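> Residue numbers (the numbering used here), protein chains in the order written: chain E, 12 to 578; chain B, 8 to 433. Every residue gets a Cβ at the ideal spot worked out from N, C-alpha and C, and that includes glycine. It should be emphasised that the depicted structure is a prediction, and the values quoted were computed from it without experimental measurement.
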């Protein structure tokens, strides 16, 4: 065998990969059970899922389910918080309870020799939590502190506003509780919620790993068999209204060096039949570091460290989201590129090679994700919680492989709708607004606490006319302490402004500039050494002088400038 | 332990090519996945004064293309095959690894061999990767709250330059590097006789051996790199330093001790002492400080495992208005108690169960196995060491933990770094 080394080798024949079928049973109290004995490594994993999540909280008490999840490991009929931690860690067990919009999930796992203890602890935290007053008090204080901290994080502010814009009155609109609600959560609230939702006929138990099935069936009866069923409250939420127009929400963080950009729209629920075409389309468009938006916004334009799109599909609805954190002065140009990529994927069919690359990535990583018991367990749990087909995992790779160029085109046209997306921007509103108002007239501004701000605060009442701005401007640039002269020529052509920027890097062509109040926003493109360099100009005009910044991907920080109009 | 527990042994086969490349195969056909790890015996410990940051610079250079793989092509090939990959640099070694669908084993080996044989060390690649490293330093060290404290405490613990300087290195040193320096570094350290190739997962041994010899067999052996002196006096270099951190929102502190090398009985004992002190919600310091006194926001600790003198750290970010010196007294009192009385039987049971659980969980992943095996092969020429490590840890007695704690960490011979938020300084 003497292949040339010049070309990548041909793969070996593919190896079969199968996930064994699970077994199902239902206890008399209605608890559904999924069993999957796998003897690969001597560990076992127990998960108990409750089909009520944060979205099912009463709207004036949003945050209760999340508090319930946290408090379930802070004391039970038999153990204090400390004793629970000590017992679990003494046996090397992992124990946790978490919540999401749709579910609450308790999980205990560890060495199979401790299967009895895994069941005992699961029974304690799921069936008999006690919500001790001192632990609840610590939870309330730490959660309120944490909410304060989150409000300083731009990605939290962006996610919070995006959810509100997309979901409106639907409970998915909220991603974090209000501090005053957390402050008022009582042990009685938690007991009531626990007895209403954590009931066997609203739950599903998973036991996956290395164990004897006969013993486990006995154990399940012993621990969960006497758990009394009661009336299940089925919360019905009306689906969120489809969006009708493109909107812009700006959350003002004065002095931000970056803008967090989100462009989002409603998509589909997780178990929708279009899932696989959407998955492949999203892979091509923006799911990884070789996707279109990444190659454009990061590799070609240098606007950002990373730009991605993703699908966040929940039980009753879902969303498509594109995100990037960019330097403030390229906020407008970055949005323009996102919109252009959306337009391209929904109007032109993807190349067959792009489709094949995306599909081979998705089918290839699938077995890697199922290699560990934890990885496999979350795949199986999600399959059942989202009510996916019984052979979902077994047929996953075939379903990805079956997606065609036409399927991708169809779902892109149907679901990628730039004309009705919610654009959410967290950054310096005064710098951002002049760059983005061109994208939509429906623009609202908020502070970090969600209060509406007046637009007038960010746009000078005295507007500059195109005629006032046309002409020759002598600019003095501050480049690392050095003053550099540059000339800007602007021309008013029936209200549309064009021009040139003469710099040492050559002449940059300005094909369109925007005036917003007293602000000028323009992008100048110079051809240099076969590549093009983009400089963005942001200026404020006052009494015949202009000041602002000139920035671009080649500059680590934008340069300050002052300019006077030549007469 | 209450119940008998036997960990199945790993299937390991080790051999060397004629050019000195050490190869270890660990077959486990459970899932059709294969992991490849290449470990080069070069880390910051090999760097001389005026030449720092080279080992880490190579972690970047290795993705810049080679004879048959274009710039950034490595990543694209792996991604299109449905794989994942990365590389990291430490004081001890530089590693590169990928996990792939099992039938893509030839691709992974071809990519690793091509860059070992013919990395594109050009002026252009050197220039742009120097800039990338500077960007990384700004992002990960200079622009992060508490981002520099581990580099600082290493300088306080170690006296020997080989141990004390950081892996990111000096930007001046990188700027001074010529393309010739960098080529020479590659020739010496990225040679097959200075590397280990470790493969784990689902493959046929004969096929794997054939592919390894086909791709790596003709890469030329080089003269062995110069030996490294990492010896240290017992005393730390510096006992106290205050560091003003302009990004830190809260004060914090970090305590570090110098301890014996990895795999020594004392190192094992101190690794376990550390787990009892700071690992998990039932640990001594978590229960004292986070739960009991409610005085700290965050508590952390770890051991830095090296072939030469190593280190152990405990640090905390206290809640606002809490007395830092009181928190440190609590920490030292808990260490003194461990040095006097040793761990309780319950604590020993906890250690044993956690060691078993951790080992079993780590072994599920072919990438974790490939990396652990590569380390034992590179550091100790002992590919089977990975199977014995658990037994060696389980053999540590409470008395071993007590005496090691008394000798190495219940002592004034330690480094204390106080982090002061610049804004708070009065």
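List, from N- to C-terminal side, the alpha helix (DSSP H) runs of 4 residues or more that fit wholly inside the stretch 413-455 of chain E.
For the stretch 413-455 of chain E, whole alpha helix (DSSP H) runs of length 4 or above, ordered along the chain, are 416-426 and 440-447.
> At 3 residues or longer, what runs of the beta strand (DSSP E) sit wholly inside the stretch 77-137 of chain B?
Complete beta strand (DSSP E) runs here, min 3: 91-96 and 101-108.
> Consult DSSP for residue 255(E) and reduce its assignment to one of helix, strand or coil.
Taking the first residue of the first chain as position 1, residue 255(E) is located at position 244. If DSSP states are grouped into helix, strand and coil, residue 255(E) belongs with coil.
> Whole angstroms is fine: what's the gap from residue 192(E)'s alpha carbon to residue 332(B)'s?
Here residue 192(E) refers to the residue found at position 181 when the first chain is read from its first residue. Here residue 332(B) refers to the residue found at position 325 when the second chain is read from its first residue. Straight-line Cα distance between these residues: approximately 36 Å.
> By the DSSP assignment, the alpha helix (DSSP H) with residue 379(E) in it spans what residues?
Within the first chain, residue 379(E) is the residue found at index 368, counting from 1. Residue 379(E) -> alpha helix (DSSP H) spans 363-380.
> Quick one: measure Cβ to Cβ for residue 44(E) and residue 37(E), integer angstroms, because I've assumed they're closer than 8 Å.
The count along the first chain starts at 1 and reaches residue 44(E) at position 33. The count along the first chain starts at 1 and reaches residue 37(E) at position 26. About 7 Å; that satisfies the 8 Å criterion.
> I need the DSSP call for residue 570(E), collapsed to helix, strand or coil.
In the first chain, residue 570(E) corresponds to position 559, counting from 1. In the structure shown, residue 570(E) sits in a strand (DSSP, three-state: E or B).
> Is it the case that the Cβ atoms of residue 207(B) and residue 389(B) are separated by a distance below 8 Å?
As a working note, residue 207(B) is residue 200 in the second chain. As a working note, residue 389(B) is residue 382 in the second chain. No, the pair does not count as a contact, with Cβ atoms beyond the cut-off.
> Given that residue 299(E) touches chain B, what residues does it touch there, using C-beta distances under 7 Å?
Here residue 299(E) refers to the residue found at position 288 when the first chain is read from its first residue. Here the neighbours are 86.
> Closest Cβ-Cβ distance between residue 23(E) and chain B: below 8 Å?
Indexing the first chain from 1 puts residue 23(E) at position 12. Answer yes: the Cβ-Cβ gap between residue 23(E) and chain B drops below 8 Å somewhere.
> Counting only beta-carbon atoms, is residue 16(E) nearer than 8 Å to chain B?
Numbered from 1 along the first chain, position 5 holds the residue referred to as residue 16(E). So, interface residue.
> According to the neighbour-count rule (16 or more other Cβ atoms, all chains shown, within 10 Å of its Cβ), is residue 443(B) buried or exposed?
Since the first and last residues shown for chain B are 8 and 433, residue 443(B) lies out of range.
> Could you name the residues that DSSP lists as bridge partners for residue 207(B)?
Along the second chain, read from residue 1 onward, the residue named residue 207(B) stands at position 200. Its beta-bridge partners are 33(B) and 42(B).
> With a 10 Å radius around its C-beta and 16 neighbouring C-beta atoms as the bar for buried, classify residue 347(B) as buried or exposed.
The sequence position of residue 347(B) within the second chain is 340, counting from 1. Classification of residue 347(B): exposed, given that the 10 Å Cβ count is below 16.
> Contact defined as beta carbons within less than 8 Å: I believe residue 96(E) pairs with residue 288(B). What is the distance between those atoms, to the nearest angstrom?
Along the first chain, read from residue 1 onward, the residue named residue 96(E) stands at position 85. Along the second chain, read from residue 1 onward, the residue named residue 288(B) stands at position 281. About 4 Å; that satisfies the 8 Å criterion.
> Hey, is residue 108(B)'s beta-carbon within less than 8 Å of any beta-carbon in chain E?
Residue 108(B) sits at position 101 when you count from the first residue of the second chain. Cβ-Cβ to chain E under 8 Å: yes for residue 108(B).
> If you check the beta carbons only, do residue 186(B) and residue 140(B) fall under 8 Å apart?
Working through the second chain from its first residue, we reach residue 186(B) at position 179. Working through the second chain from its first residue, we reach residue 140(B) at position 133. Their beta carbons are not under 8 Å apart, which means residue 186(B) does not touch residue 140(B) by this criterion.
> Does the count of Cβ pairs from the stretch 130-142 of chain E and the stretch 94-109 of chain E closer than 8 Å reach three?
As far as the Cβ criterion goes, the stretch 130-142 of chain E touches the stretch 94-109 of chain E, which means the pair count is three or higher.
> Using a Cβ-Cβ cut-off of 8 Å, state whether residue 121(B) counts as contacting chain E.
Locating residue 121(B) in the second chain gives position 114, counting from the first residue. Chain E contact via Cβ: present.
> Under the DSSP definition of a beta bridge, which residues are partnered with residue 277(E)?
Working through the first chain from its first residue, we reach residue 277(E) at position 266. Partner(s): 330(E).
> For a cutoff of 8 Å on Cβ pairs, would you count residue 383(E) as touching chain B?
Counting from one through the first chain, the residue named residue 383(E) turns up at place 372. Output row for residue 383(E): interface = yes.
> Within its chain, find whatever has a CB closer than 8 Å to the CB of residue 244(B); leave out the 5 residues flanking it on each side and keep chain order.
Position 237 of the second chain, counting from 1, holds the residue named residue 244(B). Result list for residue 244(B): 162, 163, 164, 165, 166, 171 and 422, in chain order.
> Can you give me the Cβ contacts of residue 27(E) inside the same chain, cut-off strictly under 6 Å, excluding the 5 residues immediately before and after it?
Position 16 of the first chain, counted from the first residue, corresponds to residue 27(E). If we look at residue 27(E) and ignore the five residues flanking it on each side, it has no Cβ neighbours.
> Ignore the nearest five residues each way along the sequence and tell me which others in residue 472(E)'s own chain have a CB closer than 6 Å to its CB.
One-based indexing of the first chain puts residue 472(E) at position 461. Per-residue confidence for residue 472(E) stands at a pLDDT of 47, beneath the threshold of 50, marking its modelled position as unreliable; no derived number is given.
> Please classify residue 406(B): does DSSP put it in a helix, a strand, or coil?
Position 399 of the second chain, counting from 1, holds the residue named residue 406(B). DSSP places residue 406(B) in helix when its eight states are reduced to three.
> From residue 69(B) to residue 63(B), what does the alpha carbon distance come to, in whole angstroms?
Taking the second chain and counting its residues from 1, one reaches residue 69(B) at position 62. Taking the second chain and counting its residues from 1, one reaches residue 63(B) at position 56. Near 10 Å, if we compare the C-alpha coordinates of residue 63(B) and residue 69(B).
> Along the beta strand (DSSP E) that carries residue 200(E), what are the first and last residues, could you check?
The sequence position of residue 200(E) within the first chain is 189, counting from 1. Segment 198-208 is the alpha helix (DSSP H) holding residue 200(E); no beta strand (DSSP E) there.
> Give the straight-line distance between the Cα atoms of residue 416(E) and residue 427(E), rounded to the nearest whole angstrom.
Along the first chain, read from residue 1 onward, the residue named residue 416(E) stands at position 405. Along the first chain, read from residue 1 onward, the residue named residue 427(E) stands at position 416. Answer to the nearest angstrom: the Cα atoms are 16 Å apart.
> Would residue 244(E) be called buried (16 or more neighbouring beta carbons within 10 Å of its own) or exposed?
Locating residue 244(E) in the first chain gives position 233, counting from the first residue. By the 10 Å Cβ count, residue 244(E) comes out exposed.
> Can you look up residue 472(E) in the DSSP assignment and give me helix, strand or coil?
One-based indexing of the first chain puts residue 472(E) at position 461. Confidence is the limiting factor: at residue 472(E) the pLDDT is only 47, short of 50, which leaves the residue's position unreliable and the question unanswerable from this model.
> Closest to residue 281(B) by C-alpha separation, out of 318(B), 301(B), 303(B) and 254(B), would be which residue?
In the second chain, counting from the first residue as 1, residue 281(B) sits at position 274. Of the listed residues, the one whose Cα sits closest to residue 281(B) is 318(B).
> Going along the chain, which residues of the stretch 22-54 of chain B sit with their C-beta nearer than 7 Å to a C-beta in chain E?
Those residues of the stretch 22-54 of chain B that come within reach of chain E (Cβ to Cβ, closer than 7 Å) are 37, 38, 39 and 40.
> Keeping to the same chain, check which residues put their C-beta closer than 6 Å to that of residue 96(B); ignore five residues upstream and five downstream.
Counting from one through the second chain, the residue named residue 96(B) turns up at place 89. Same-chain partners within the cutoff: 62, 63, 66 and 174.
> If we count Cβ pairs, one from each stretch, closer than 8 Å, do we get three or more for the stretch 259-273 of chain E versus the stretch 285-295 of chain E?
The stretch 259-273 of chain E vs the stretch 285-295 of chain E: no contact.
> Are at least three pairs of beta-carbons, each pair with one atom in the stretch 403-411 of chain E and one in the stretch 436-456 of chain E, less than 8 Å apart?
As far as the Cβ criterion goes, the stretch 403-411 of chain E does not touch the stretch 436-456 of chain E, which means the pair count is below three.
> CB residue 527(E) to CB residue 340(E), shorter than 8 Å?
As a first step, residue 527(E) is located in the first chain; it is residue number 516 there, counting from the start. As a first step, residue 340(E) is located in the first chain; it is residue number 329 there, counting from the start. No, the pair does not count as a contact, with Cβ atoms beyond the cut-off.
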